[in-house]
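S.K.: Protein chains in written order, with my numbering: chain A, 1 to 257; chain B, 258 to 471. Here it is, the structure in full.
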Amino acid sequence: MIASGDPASHEGAWLALPWLANGRLSQAERDKIEPHVRECAECREELAFQRLLCNALTEPDRVTYAPGPSFRKLMDRIDGAGQQSRKATEPNSKTLATLVPRPSSRSRRWSSLEVWRPPGLAWAASFVLMVGLAAVFTTANRSAPAPDAPVYRTHTDTPAPAPNVLHIIFQGSLTISEAEQVLRSSGAHIVEGPDGQGIFGVAPGASGSNNATPSRTTRELNVLWARLHTDPRVRWVEPVPGEYSAGAAEAPGPRGP
Amino acid sequence: MKGTQSIDPHTSSESNYRGGSAAREVELIARIANGDRKAFEELYGLYHRRLARFLTRLTKRYDVAEEVINDTFYIVWRKAGDFRGDSQPSTWILGIAYRKARNAFRSSSRILAMENPEAPPPPLTSEESLKTEELRDWLVHALVQLPVEQRLAVELCYELGYSCEEISSIMSCPVNTVKTRLFHARAKLQRLLPALGGIAPTDGGVRGSSRGKG
Chain A
1 MIASGDPASH EGAWLALPWL ANGRLSQAER DKIEPHVREC AECREELAFQ
51 RLLCNALTEP DRVTYAPGPS FRKLMDRIDG AGQQSRKATE PNSKTLATLV
101 PRPSSRSRRW SSLEVWRPPG LAWAASFVLM VGLAAVFTTA NRSAPAPDAP
151 VYRTHTDTPA PAPNVLHIIF QGSLTISEAE QVLRSSGAHI VEGPDGQGIF
201 GVAPGASGSN NATPSRTTRE LNVLWARLHT DPRVRWVEPV PGEYSAGAAE
251 APGPRGP
Chain B
258 MKGTQSIDPH TSSESNYRGG SAAREVELIA RIANGDRKAF EELYGLYHRR
308 LARFLTRLTK RYDVAEEVIN DTFYIVWRKA GDFRGDSQPS TWILGIAYRK
358 ARNAFRSSSR ILAMENPEAP PPPLTSEESL KTEELRDWLV HALVQLPVEQ
408 RLAVELCYEL GYSCEEISSI MSCPVNTVKT RLFHARAKLQ RLLPALGGIA
458 PTDGGVRGSS RGKG
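See below:
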């Protein structure tokens with residue numbers, strides 16, 4: 001058993017050092033501990049070590065996980081559980097039929113009236129529809145482009161900018177630190193994923209680097225693809241469709257399992 | 258040696274985050290209690306990264322971490338109406354996550370998979386820029402050698418930046434137990450890390466232990 005100790009004593013200060021390092025001691029606690037820590041070489045050394053631990057464990061991750069796919073799984077589970085509990089609590093239709101009184105012939109007649117439409121209204125609707133069709137036909141003929149008129153283009157005619165990303169699946173037996181090692185040694189970082197199938201998007205360079213020109217990025221992607229393609233720890237790596245327009249010969253296709 | 262160096266607290270992003278968002282999280286939980294899925298998604302997004310990082314470090318497997326996160330938020334969805342604000346939302350959610358994680362770790366098949374020793378990372382280099390990153394690799398390697406309760410206490414304190422009282426609430430144990438767990442975890446890490454990377458004193462003993470043990 002460790003004594004909780006007086007915070008001003010060596011024992012008390014020693015026990016409180018993790019929270020002095022993570023910044024979660026109150027001002028009153030700090031006022032009690034800090035004078036001792038200033039005087040005590042052992043505590044100062046330990047505090048430096050504690051801060052090292054804090055820094056190492058709060059260092060930004062090399063691999064981050066997008067919450068979307070996991071959240072969708074959770075909602076499926078919640079919805080599935082909701083449906084099951086509804087099924088469990090819903091009385092079956094037979095029971096319902098016996099509980100609800102059958103409508104009388106009079107009420108059945110009224111309920112059929114609810115869906116009946118007078119013929120006059122149907123004729124009116126047909127007339128409006130015909131007039132509308134005629135108007136559309138006339139307008140279409142009048143606005144047909146002349147042979148030399150410019151062809152109408154939608155925005156989607158313009159190709160989307162290349163995403164500069166490779167899609168990758170690691171071997172299933174790989175641990176996270178091994179996957180990080182693959183990326184580090186290949187000079188890549190994760191930019192998206194994983195999705196529901198465990199596919200990550202990776203890009204060349206260190207995490208946070210964003211200064212690549214398009215031509216440089218294509219070249220780097222080719223190099224990265226070649227490295228990952230031959231790595232046995234990578235199960236599958238594929239350029240995102242539309243990628244490698246300039247360097248197609250260098251990137252023959254996805255590496256399959 | 259007398260030191261006059263400043264002992265400014267290490268301010269983690271976690272503690273900054275916690276300060277500004279507790280009220281928002283209370284509001285989200287109240288909306289979740291009324292079945293608001295948008296609020297649920299927002300709260301999930303706020304915690305997913307932290308929990309995924311915390312749990313994948315402990316389990317080394319994202320699928321296990323994801324299962325624990327979703328088990329946790331399944332409870333949050335169902336029990337949001339029971340949250341009375343007696344504790345911080347993050348303490349409540351981490352408390353649920355802690356219990357789910359502990360159960361997951363104790364599952365025998367998983368423990369075998371998780372604690373299956375793997376090759377240690379390469380030796381620490383002297384290059385300063387790499388040191389923190391490599392130290393983290395070593396720490397992850399050392400952490401799996403700690404008992405589950407000590408491992409979780411280390412992560413809650415150093416990574417997620419919780420106070421001793423908050424960890425005691427999350428782990429449902431007395432404050433002194435938290436200190437004891439961290440004391441032993443620190444001692445073991447100090448025994449492991451000098452040999453691993455030469456970053457801590459190698460005096461053959463555990464600093465402070467002679468006087469720290471009561």
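All residues carry an ideal CB built from backbone N, CA and C; glycine is no exception.
Within the stretch 323-372 of chain B, note down every full alpha helix (DSSP H) run reaching 4 residues or more, in order along the chain.
M.R.: Assignment of alpha helix (DSSP H) within the stretch 323-372 of chain B, counting only whole runs of 4 or more residues, yields 346-363 and 365-371 in chain order.
S.K.: Is any beta-carbon of chain B found at less than 9 Å from that of Lys32/A?
M.R.: no
S.K.: Counting only beta-carbon atoms, is Ile368/B nearer than 9 Å to chain A?
M.R.: Note that Ile368/B scores a pLDDT of 49, beneath 50, so its modelled location is shaky; the value from the coordinates is reported in the next line. It does not: the Cβ of Ile368/B has no partner Cβ on chain A nearer than 9 Å.
S.K.: Quick one: which chain A residues come within Cβ less than 8 Å of Lys317/B?
M.R.: Thr175, Ile176 and Ser177
S.K.: According to the Cβ coordinates, are Leu300/B and Phe340/B closer than 9 Å?
M.R.: no
S.K.: Hey, Thr58/A and Glu423/B: beta-carbon distance below 9 Å or not?
M.R.: Not closer than 9 Å, so no.
S.K.: Beta-carbon separation of Ala337/B and Ala279/B under 9 Å?
M.R.: no
S.K.: Of the residues that make up the stretch 18-49 of chain A, which ones have a beta carbon closer than 8 Å to any beta carbon in chain B?
M.R.: Pro18, Trp19, Leu20, Ala21, Asn22, Gly23, Arg24, Leu25, Arg30, Glu34, Val37, Arg38, Glu39, Ala41, Glu42, Cys43, Arg44, Glu45, Glu46, Leu47 and Phe49
S.K.: Relative to chain A, which residues along the stretch 278-311 of chain B have a C-beta separation below 7 Å, given in chain order?
M.R.: Glu298, Tyr301, Gly302, His305, Arg306, Ala309 and Arg310
S.K.: Check the DSSP bridge columns for Gly82/A and list the partner residues they point to.
M.R.: According to DSSP, Gly82/A shares a beta bridge with no other residue.
S.K.: Check whether the Cβ of Glu238/A lies closer than 9 Å to any Cβ atom in chain B.
M.R.: False, the Cβ-Cβ gap to chain B never drops below 9 Å.
S.K.: For Ile427/B, report the span of its alpha helix (DSSP H) as first-last.
M.R.: Cys421 to Ile427
S.K.: Select from Arg235/A, Pro18/A, Pro35/A and His167/A the residue whose C-alpha is nearest the C-alpha of Gly193/A.
M.R.: His167/A
S.K.: Measuring CA to CA, which of Gly68/A, Ile190/A, Val191/A and Ser186/A is closest to His229/A?
M.R.: Ser186/A
S.K.: Would you identify the three-state DSSP class for Leu166/A, choosing helix, strand or coil?
M.R.: strand
S.K.: Pick out the complete alpha helix (DSSP H) segments inside the stretch 14-66 of chain A, 4 residues or longer, and give them in chain order.
M.R.: 27-39 and 41-58
S.K.: Determine which residues share a DSSP beta bridge with Pro236/A and list them.
M.R.: Note that residue 236/A is Trp in the sequence shown, not Pro. Looking at the DSSP assignment, Trp236/A forms a beta bridge with Ile169/A.
S.K.: Indicate whether at least one CB of chain A lies closer than 9 Å to the CB of Ile326/B.
M.R.: yes
S.K.: Which residues of chain B have a Cβ atom closer than 7 Å to the Cβ of Phe71/A, listed in chain order?
M.R.: Glu298 and Tyr301
S.K.: Mind checking which residues open and close the beta strand (DSSP E) that includes Glu192/A?
M.R.: Ala188 to Glu192
S.K.: Enumerate in chain order the residues of its own chain whose CB-to-CB distance from Val237/A is below 8 Å, with the five nearest sequence positions on each side excluded.
M.R.: Leu166, His167, Ile168, Ile169, Trp225, Leu228, His229, Pro254 and Arg255
S.K.: For Val283/B, does the count of other Cβ atoms within 10 angstroms reach 16, so buried, or fall short, so exposed?
M.R.: Answer is exposed; the Cβ neighbour count stays below 16.
S.K.: In angstroms with no decimal places, state the Cα-to-Cα distance between Leu221/A and Ser177/A.
M.R.: 23 Å
S.K.: Quick one: grab the DSSP three-state call for Gly68/A.
M.R.: Looking at Gly68/A - three-state DSSP - the assignment turns out to be helix.
S.K.: As a quick exercise: from Gln84/A, Leu53/A and Leu15/A, pick the residue whose alpha carbon is nearest that of His36/A.
M.R.: Leu15/A
S.K.: Any beta carbon of chain B sitting closer than 9 Å to that of Thr64/A?
M.R.: True, the Cβ-Cβ gap to chain B drops below 9 Å.
S.K.: Take the Cβ of Ser173/A as the centre, count every other Cβ of all protein chains shown within 10 Å, and call the residue buried at 16 or more, exposed below.
M.R.: exposed
S.K.: Please state the DSSP three-state secondary structure of Thr459/B.
M.R.: Unreliable placement is indicated for Thr459/B, whose pLDDT of 41 sits below 50; the coordinate value is still reported in the next sentence. Looking at Thr459/B - three-state DSSP - the assignment turns out to be coil, as it is neither helix nor strand.
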